[in-house]
Structures are given as structure tokens and as C-alpha cells.
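2 protein chains.
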Amino acid sequence: MPEAIAYELAKKQKEISVAEFFERNKHILGFGNPTRALFTSVKEGVDNALDACEESGILPDIYVEVKNPTEEECVVIVEDNGPGIIKQQVPHIFARLLYGSRFHSVRQSRGQQGIGISAVLLYGQLTTGKHAKIISKIQDDQPAVLTELAIDTNKNRGEVQHQEIMHWDKPSGTRVEVNLNADYKRGKRFVYDYLQSTSIVNPHARITFKEADGTEHVFERTADILPKKCEEIQPHPYGVELGTLIKMSKETKARKLASFLKTDFSSMGDRTANAVCDEAKLDRNLNPADISRDQFLALHQAFKKVKIMAPSTECLSPIGEILIRRSLKNETREISPEFIFTASRPASVFTGSPFQVEVGIVYGGNLPKDKPVKLLRFANRIPLLYQQGDCAITTAIASIDWRRYGLDQPSGNGIPIGPAIFLTHVASTKIPYTSESKEAIADVEEIENEIKLAFRECARKIQLHINKKVRRVKTREKFDLITKILPEIAKKSAHMLNKPIPPLEKVITKIMDVVWIEDVVEYEKVRGKPIQRKLDATSPTGQIESGGWIAKSTIMVVNYKSKPQKFNLYALFPKDAVVGEVKPKPTKVTDSYIKWSLESIDPTKKIDILFELAGLNKGDFDENELYVQNINPAYVIGADKWEGE
Amino acid sequence: MPEAIAYELAKKQKEISVAEFFERNKHILGFGNPTRALFTSVKEGVDNALDACEESGILPDIYVEVKNPTEEECVVIVEDNGPGIIKQQVPHIFARLLYGSRFHSVRQSRGQQGIGISAVLLYGQLTTGKHAKIISKIQDDQPAVLTELAIDTNKNRGEVQHQEIMHWDKPSGTRVEVNLNADYKRGKRFVYDYLQSTSIVNPHARITFKEADGTEHVFERTADILPKKCEEIQPHPYGVELGTLIKMSKETKARKLASFLKTDFSSMGDRTANAVCDEAKLDRNLNPADISRDQFLALHQAFKKVKIMAPSTECLSPIGEILIRRSLKNETREISPEFIFTASRPASVFTGSPFQVEVGIVYGGNLPKDKPVKLLRFANRIPLLYQQGDCAITTAIASIDWRRYGLDQPSGNGIPIGPAIFLTHVASTKIPYTSESKEAIADVEEIENEIKLAFRECARKIQLHINKKVRRVKTREKFDLITKILPEIAKKSAHMLNKPIPPLEKVITKIMDVVWIEDVVEYEKVRGKPIQRKLDATSPTGQIESGGWIAKSTIMVVNYKSKPQKFNLYALFPKDAVVGEVKPKPTKVTDSYIKWSLESIDPTKKIDILFELAGLNKGDFDENELYVQNINPAYVIGADKWEGE
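Structural data, given as C-alpha cells:
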């Protein structure tokens, strides 16, 4: 009897080391071609540097250099002023794939896979056969350590080729130097674009880029404060996988179901934990180790039925609408766009991981009218430059019918065509990238939905803005007619008839029949003493320095109706701004709006309103968002109906 | 002195198990959402089954079933008649990531990563907490073994939960049954599409799909022969990475450089190996173990300078132009397209791996005129249904200016708009997928270029076809005029003048001044005895069975020039066809064309030519490609200039 083929086949079965796997599949890591390889190497180095600095509370000062380019090879250097890495860890961190500190923690960070920087060294070794050089210094009073590293891909381990102590001027930091096969000529532009975009969404970082010919670009920091430190949290029960739940129960230290729920998950207080147990018909005192699969299933289903608080956003560090606006303004300063609108969604959850979406739209100016809208994609403050086609951001944008918002979109889906830039930032404790090269977000329904909602919100603001403009222009025509031509006619007629000029107020109000609200925002430099808060709103950004800007908002309200009008007016302002002088005295000031209960305005009479905002850059706030209450909004030009509480 | 932050950070560094990594990054493997998860699970199972059958020379008979769908969960079953798997290997193959037989071999196969099927089990366990069931039988006279499997993700190892012997009717085979979280309602269509597309490019496979409601779809096999078995080869020297070269030198058994080159690389004979050594200025007898990095560099550069034979295509199994044409015809049978053209490129190399590109274009019929062209993408006979946006196939197609070929393409790049379907197949010993989910090909320049060349070739054929059609229509008008109206006028005038009808030949030839070639292809069923080859061409497909089709090609050549014409005529035919009767006697028959040295044709005289082709399906060959030699092609309608040898 011949031996079954299965025995023959079994002999060929082999384990594959993870380093070997990625060595053969380098395109998965973003090293598919020499242009991209250069970009990916710089990106992984810089992402790592930023994470290390932020984790240690250090304002990042990052230096990137590309040198000695030949047709085949060049040297990439990334240096930071971070906390450094202890000698023993260097081979693990830089030359061992799937090794890192950020994989197991639920917190927003750039790195999350433990692959990036080791992949750069792996690629460098694969394509040049040369070893990488790492310099690291962990404390000012200690010398730096230089390590030359190779990777044993069969074992997925770093091999120290040489190690020596050396002097380094920095108090602390890390410097990576890798030789790699790269196309410097074509890749340079991508490196520049990436560093520029990175600096836009990381205003606290100073980034220097030295080109091979010696040209230095410095992207200066524009903020001296680190972004809010992201707290590490527990997974949120919404969307946690059944398998993960079972695995967590095996690893918990809790001996009772209720305490397991409270300690190992976020957003779980006594009341919610008990409600979940009751819903699942499980004893709160059950030992997690003794729970059966069916009981876990009941628990898993109970998560969905009980109302659980949204995840804390402490673990997330969104860019913020003001900063998005600012970076879009910066990106388009030579284009003089017609308007910029932003929208920010509340935090949401997918498979247990909190995430948050922020978007911005720039419209008009010199942007090309016949090209697809330009997309700027960011994930956890990393610019995504490749793989736009299959990113959840692209899919979400393409699925909106933009024709309703005045953009061209042949066949009603796809990237719209028109003079606009769309920026999207997704912040999450775990970005679901489509591959290890971290260039596109996977098609997770929850994320796509949030992106859609954010863009719809933004688009609605645009529509509102356009409608308001159209309505204002129309009313303005009427206004001009009656306020300029009517008195002229009255005067001439009176003169001809030799009669006194008749009072026109009643006629004007009858024809206009609206309350007209007009506003203007001007900026003034702060001189002398720092501005102080005068009102009860709490400031999210703290003390305002002298030398900054004050936005002065002047609002004129005229009653062109035939009866006196009395109503409430609301003016929204950006969350990070600090309110200064307000006239007349407002009824209420929160962290996002000012409310006035206006006194009664007689027909054809006018009220002037003024408020000042500090803590903004010039241009952060260009146009008031005004709302009215206790008046039919159909009669108001320049403000909408207040829908707030 | 406070401890450096680096020590604190070092404590958090941890190894990540590969199973744990993919468990948390399941979107990378194609399990990003429940719809896609269903599709991916079926795909991995079927790809595996097809590979196993083909490797063992078994005509695949594959059964796919999805059952018990709830809103959250369903059961996926994939069963094959392959060689089975020995008991000891089951936990490794199905529940250990990065373990397999195809990773280390240079040969075209669907699986190449050692991840696919284990990922399905991993996802199933993660989302349902249930174990997978594997049944395997390796020999007719042995019982089958049922194994219940779990995965220990911390260790990346399979854990046998239960194993028992059972009876199974099949001679041999494997059956996988996995519970998983999936959206059956939305995912069903993708499973169907995938199985249908798979059956198109794998005509030797019989695939049955049983839906959850019991409906069964059978995709019958249309060919009883397995595709050519792909040989395992050594890496090709072109594009092999320097690091890989060094690694190979460490692992070789050869003790001399020349023999290392000959035994460890493909396309390396004595002469080439010596030429490479000479070019690199290296002694042929050098021990590979003693070669320095600089010497390797010289060797690596010498590879590029010495002309090395293209890689053998024995390791590749392209679909073939006829089959592509046939599948496109099948895909569009309700559309009645105007034409189908195909093109096939010779094998090429990227980073040491041979690959080959084949494309096809269907045009016209009822295909929508205002939608982007439909792309059908295949890699190693696997249909690629997702991530079209960032696939090298898409990028290559989008970079061609299709407006030159009569398709609409706003802004001159991007997927063209028009009534067409573009099919692309990339066959390679290693497809560079963008991620482990194997849904898109990475942007490797060599591959993109070959795809572009193939489509340009195909587009040129289309252009030629269109030009020929336009020219023919124009000449036809002239032809109708002079052959119908002129004699009519002559007759009437002669009648009126009471004179004899003048001879018109000279006038006709003077006005036409062309050689007119027209052809028609008709199909006839083969009856009785199998057709036999009559001529010297070698048949690539072997014996033609009775009951097949014969294509009868009739070519009419008329001389409408004023002098006798004598020239050579060439008719191309598909490579897999067998030539039957040919009249008049040809001068030459190769495996791709027939040549006639035609006798001199007098003015207004006609020659009829006929040839028969067997071994084709009806419609495989619709239109002759005719070429002429020894005559000014500008005077010929219906054939182009012969550019061959």
C-alpha cells in the first residue's frame, strides 16, 4: 500500500518566523518600492520619537536627516530629545518585531503594533546588508551608548554587533541611523509632505529636516504646551468580543463577577455592573473562573441591553476644532478660501475601543474647480499619505451625496469634484489600520458612520452659511431700495409738491418686516497686562499671555418690523477661547456661548452688542454663529433658531 | 537623583504573540466587519482546498455551506476531496499562525503566508468562544479523524479539545466547520460572487454552495484536466535583495561561489555564473562563507550587468488567453458585447520572483456607458473583490490615458468611464499583497509596468479593430457605389444611346485601387471520429475529442487594383487551437499562424481561402487577424502589415 500523500505533504510544513514573514512581505510594512521605503522609514522613526517624548512629558525636538544618496541607497537619521532607551532594551525595541509597550495598553498613541521601527532596521539590513547604529542617552549625568545592531530573522531577535560608550551633548535622547535602499529623488517630496503635515497637527513639536544637499527646513513649534496626556483606560463593554471577554475573565484578579466588571472595564460603576448581572440573570458573586460559555454569552448580550455610559475621552487626544481650523488656514493661506468649517463628534466605541472623529472643510478661493476634492487624512495625529483609495475616510466621504451641498459628483457617489479640501482626524486607543504599514483605516462600520455624521454636520453648516448669505443678499437689495431710494423719492416728491417730507419709518418697516442682524469680527493685539477673565465661564486653556490676539465681535440688531421686538440672542464661540469684555451685560455665559435677554427694540431702532475673545490666534474665529429665541426666526435675517436648552 | 524615565518605560516593554497581534488586528486579515468576515472565511477555506487538491493531482470537488445564521453568528463549512491532513498536523495547520508549507517554496500557489485558515479559526474563537471542528481522512482504507480545536493566543498554538475516529464516505478529504460572528444577509452575495469568479478561472474545479435556506448552487467544472503543475524553482538573480543574497550564502550547501550561483539560483548556467563572477571580479572558487559584504555588493551589482535568461515559466500557471476570453464571454453572455480582446505578457521578475500578467477587455453591448469601467482582478487564480482602490492593477489602469482609445476619462487619469469590463490576472511565485487579507497587490513598479504594457497592447488591438472597421465601412461605401450604381448607370446610358454596355473593370479598379480582404468565422460541431492534425504544428492541448467544435474560417481576397497582385497572407490563430483542413496549401504553419504565398491575382479576380481550427469552444475565435507581406499595406483593406520574421 502506498503511503498517503498527506504524509508527504506533512514533511513540508514549517514554522515561519515573524521577522522572516515580514522580510518576504516588506510591502505590507510600507516598503513595497524604494520611494515609499524612504517615506516609511522616516515616518516610523518620527512617530516613535513623538510618542516617546509625549509619554515622558518632554516637548519634542526632532531632527531628521537623509544623507549620502546614491541611485540605490541612502542613510536615514532620526534623532529626538526623548527619554532615551536603556542599553538592555535597545536590541529588543529596534530589532525584534512584535515587541513594544503600547500594544497592551488602551490609550491613544501613534505606535500600537510593536513593529514599526524594527521593520525599518529589517528593511535596511535586507537591502544593504549593513547594520543600524543606535545612540541613546537616558540621563544628563550619564554617557550615551552607541549600539550597532543586526537582526537574526530566523529567530526574530536583535544581535548586538558592537556597543560602546560615547559623549553626547544632549541631556537625553535617541538617534537612529539606518542605511537602506531608497529612491531619494522621488521620495524626498513625500518626506517633506509628511513632516509638514505632522507639524501641522502636532504644533507642540519642533521638527528639523536636513536634505542631502544640506538644505535645512525647520517646522517651528507653534504651541509650548504638550497635548493633554492620554490616560490609560480599561476596555469599554460595548462591542467587546465574546472571545476577548472570556480571555479577560481568565486573566482577571477579581474573584467576583461584579468586581470583574467594575475593575476590568471602563464606564462600569456599581449600578451598571449590577444591572448587567441582573440582565444576564447571573449571580454577582459568581467567580469569573467558573462562568460557562453560555453564561458569558448572556453577559455579552446584557452589555448591549443595559445603558452604559459612553467611554471616557480621557484616553483620547483629539486635535480640536480650533487647531483644525488653524491648520487648514495655514494649508490654504495662498488660496484665500471663501470659508472654513469644522465639526467634531462626541467619542464613540467600536469593539470596545473608544474613538472620536473631527473634520474640517475649506471651500473656494483659488482651489481648482474641476479636480476631485483634496483629502487630508489623519489618524492619532499621524498624516496618512498613501492608500487613500481604500481608507474608511474615503469610503465615508464617497458615500455622501455631495450634490445636495453644491459640489459636483458624477453618478452621485465617489469623491466629489470642486474647490475644497476635506480634513479628517480619527483619534482612537486603537486605530484599525488595514495593514501594518498604517496608511489606511479599515472599513469598520462604526467609524465610517461617525465620519459621515461629522461631514454631514459640517456640510449643513456650509449650507446654512450659503443660505444665510443668499437671504442676506436678497434682503440687502430690498434694504438698499427702501433705505436709500425711498427717502430720495420722498424728498424729491415732497420738493415737487412743495410739501414736507413724510415720515417713512412705517413704510420701511412694512416693506422690510424683519429684524436685521449684522456682525463683524476684528482682531487686536493684546498690549500690556495679560487679559483676565471677567465672567464665570471656566477657561480650558488657562492664562492668556500678553502679545496674543483679541477678537472683537460687534453685532448690530435693527428692528425693521412694525412693532417693538423683545427676544433672546445667543452668540457661540470656540471652546478654547476666553471671554473678555461683554456689552450689554449678558444673562448667561457658558464655555461655548453667551446669552443676552435683549431689551425691547422699537421699530427702526438699533442695538449694538459687543464681546471680546482672547486665547485665539488671528483668524481662528471669523464669523459669529448667532441664534435667537422667543421670536419667529422667519422674521430674522442673520441669525437662526436657538435649538439649545 | 531620580531614576531616569527610561527605566520606568522599559518595564512596560513586552513581547506580543503573533496570534495576539492578529486577534487585535483582525481587520488586517480581512475580518474588519461581519460582512467581510463571512467572505474571508469562505475564501480562505476554498483557497486552501484548491491548493491541496492541485498539489496532489486531484480534480477539486469543493463543498461550501453556511448554516444556522442568526443576527450575530453563523456556521461556515468548507469541505474538499483533497489528500487530507495527518492527525498530528491538524492543530498546527488550523490553529497556528505563520505555519505552512508554501511560504518557503518558490512556486505559484494561492496560499503563501501560513496565516489564512488559522486566522478563520482565530476569528471564530474570538467572536463566538466556540471551538472549530476539523474532519480529515487521508486514505480510503483508514477512518477519518474528527478534531475539536481551540487556539491559545498567548502561545500561538492549537489546543486539541477532543479527538475521535469516525466513518466518512469520502476516499480522502478535509472538512472545516467554524462558528463565527458574521452578517449572513449582507455577506451571502459576496460569497456567491467569490465562488462564481473562482469557478470561472478554475474551470477544473467543481464547487457547490449551499445557502442557509437550503438552496444549492453548483458551479460545474468545464475542464477535466488540472492546470499545468507549477514546478518549484530557485529565486531568480534579478532583483534579489542584497540581504537575501547574504542570507542565502550562509544557508547554502555549496562550497564554491560558482556552484552556489548555479545551484541556489534559477536561470544560472555555467556560462552565466562565470560571467557574473568575472563581472564582480571574484574568484569562482571562493567559499560562500568567506565572502565579505563588499564582495557581495560587487556580486549583487554584477547580477544587473550580466545578461541573465528570463526566469522559467514552469513555476507559473497563467490562465491563458483563450480561457480569459471564454470567461469574459461567460461573464457577459447577457450583454452581447461588440468585441473581446486579450493580451498576455511574457514572464518578468520583481525582487527575484517571476510573475506574468494577462489581461482582457470586453467592450460595448448593453454595458453601461456612463459608469466607470468594471474591473475584474485576479491573483494566482484568486478573485480579488475588496480594496480595489489601492491595488497595483487599479493604479496601472488609472495611469493610462484612455481617451486615446476612445473611452471617457475626466482629467486624463483614473478609472475610465465607458461600456467595458477590464480583466487582469497576475500570476507569480509570490504575489506582493498589501496586507495579510490578500485583497490588493502592492505598488511594485515592475508589476505595474507589465500591467500597463498588457493593457496598452490590448488597447492597440482595439484601436486596430476600430480603425479597420472605419476603413472598411468607408471603402464599402465606395465599393457599393461602383459595383452597384456604376453598372446600373452604364446599362441605362448604353440603353439610351443604343450602344453596347462598356466594359467597367478598368474604371472600377481605377476608382477602388485596393485589394479587398473579407473574412467570416463559422462554427460546426465535430461529428464521428476525433479530428486529427494534418500539419506540422505541435498541439499544446493534445487530442481533440469528438463532440467539440470546429471553427471554419473563410477568407475572400479580391484584387481591385489595375495590375495583377502577388503577395503573402498570414492568418493568426489562438495558441491552443489545432489546425485542420487548409485550402489552398499553405507555405508554412506554426503554432500560432498560417502563411500562404498566394498566386498572382488578376484585376477584379477573386481567391477563396479556407482553414479549420479544432480544440476551441464556440466563440473562442470570432475574427481573423490577417497580415500581408510583399505588398504596400496601404492598398489593402482587411489586413495589416506583417511585422513578424
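Here the protein sequences line up with chains A and B, keeping their order. Residue numbers for the first sequence follow our numbering, so the first one is 1472 and each next one is one higher. Residue numbers for the second sequence follow our numbering, so the first one is 1472 and each next one is one higher. The beta carbon of each residue, even a glycine, is placed where N, CA and C say it ideally should be.
- A residue is called buried once 16 or more other Cβ atoms fall within 10 Å of its Cβ, and B/Val1985 is buried on that count.
- Distance from B/Leu1846 to B/Thr1865 at the Cβ level is roughly 7 Å; contact confirmed, criterion being Cβ atoms closer than 8 Å.
- In this structure, the CA atom of B/Thr1954 is about 16 Å from the CA atom of B/Ile1988.
- Judged by DSSP secondary structure, A/Thr1715 falls outside any beta strand (DSSP E) and instead within the alpha helix (DSSP H) spanning 1713-1722.
- Its chain contains Pro1808, Glu1809, Pro1890 as the residues whose beta carbon lies nearer than 6 Å to that of B/Gly1835, once the 5 sequence neighbours on both sides are disregarded; these appear in chain order.
- Residues of the stretch 1899-1910 of chain B that bring their beta carbon within less than 9 Å of a beta carbon in chain A comprise Lys1901, Pro1903, Tyr1904, Thr1905, Ser1906, Glu1907, Ser1908, Glu1910, in sequence order.
- In its chain, beyond the 5 residues on either side, Ile1832, Cys1929, Lys1932, Ile1933 have a beta carbon closer than 6 Å to the beta carbon of A/Phe1812.
- DSSP lists B/Phe1849 as the beta-bridge partner residues of B/Pro1854.
- The three-state reading of DSSP puts B/Tyr1570 in strand, counting E and B together.
- Considering only beta carbons, the part of the stretch 1640-1657 of chain B lying closer than 9 Å to chain A consists of Ser1643, Asn1652, in chain order.
- Taking a beta-carbon distance threshold of 7 Å, B/Ala1869 does not count as an interface residue toward chain A.
- Relative to A/Lys1842, the option among A/Gly2090, A/Glu1829, A/Gln1880, A/Asp1551 whose CA is nearest is A/Gln1880.
- With a threshold of 16 other beta carbon atoms within 10 Å, B/Gln1632 falls short and is exposed.
- Judged by DSSP in its simplified three-state form, A/Ile2072 adopts strand.
- For A/Val2053, no Cβ of chain B is located within less than 7 Å of the residue's own Cβ.
- The three-state secondary structure of A/Glu1544, taken from DSSP, is strand.
- Burial check for B/Gln1559: the Cβ neighbour count within 10 Å stays below 16, so the residue is exposed.
- Annotation for B/His1771: Leu1713, Leu1716 place their beta carbon closer than 7 Å to its own, counting only its chain and skipping 5 residues before and after.
- In the same chain as A/Ser1870, and ignoring 5 residues on each side of it, the C-beta atoms closer than 7 Å to its own belong to Asn1884, Lys1923, in chain order.
- A/Gly2051: member of the beta strand (DSSP E) spanning 2049-2054, first to last residue.
- DSSP places B/Asn2039 in the uninterrupted beta strand (DSSP E) bounded by 2039-2043.
- Close CB contacts of A/Thr2075 within its chain, under the 8 Å cut and outside five residues either way in sequence, are with Glu1976, Ile1979, Thr1980, Val2029, Asn2030, Tyr2031 (chain order).
- The C-beta of B/Asn1496 has 16 or more other C-beta atoms within 10 Å across all chains shown, which makes the residue buried.
- Interface flag for A/Val1711 against chain B is unset, since no Cβ pair is found closer than 7 Å.
- Under DSSP, A/Arg1628 takes part in a beta bridge, and its partners are A/Asp1623.
- Near chain B, meaning a CB-to-CB distance below 9 Å, the residues of the stretch 1569-1582 of chain A are Leu1569, Tyr1570, Gly1571, Ser1572, Arg1573, Phe1574, His1575, Ser1576.
- The criterion of a C-beta distance shorter than 7 Å is not satisfied by B/Leu1728 and B/Met1739.
- If the five residues before and after B/Phe1849 are omitted, its C-beta is found closer than 8 Å to the C-beta atoms of Ser1668, Val1672, Ile1790, Leu1855, Leu1894, Thr1895, His1896, Val1897, all from its own chain and listed in chain order.
- With a cut-off of 8 Å on Cβ pairs, the stretch 1522-1536 of chain A is in contact with the stretch 1684-1703 of chain A, counting three or more such pairs.
- Its chain contains Val1747, Glu1750, Ala1751 as the residues whose beta carbon lies nearer than 7 Å to that of A/Ala1773, once the 5 sequence neighbours on both sides are disregarded; these appear in chain order.
- The beta carbon of A/His1498 falls within 7 Å of a beta carbon belonging to chain B, placing the residue at that interface.
- The stretch 1611-1621 of chain A and the stretch 1509-1524 of chain A do not touch, with fewer than 3 CB-CB distances between them shorter than 8 Å.
- Nearest to B/Ala2042 by C-alpha distance, out of B/Lys2034, B/Gln2036, B/Gly2090, B/Trp2067, is B/Trp2067.
- Ranked by how close their Cα comes to the Cα of B/Asn1801, the residues B/Ala1818, B/Arg1875, B/Ile1892 have B/Ile1892 in first place.
- Taken atom to atom, the span from the alpha-carbon of A/Ile1696 to that of A/Ala1676 is near 10 Å.
- Distance from the CA atom of A/Gln1858 to the CA atom of A/Gly2019, rounded to whole angstroms, is 40 Å.
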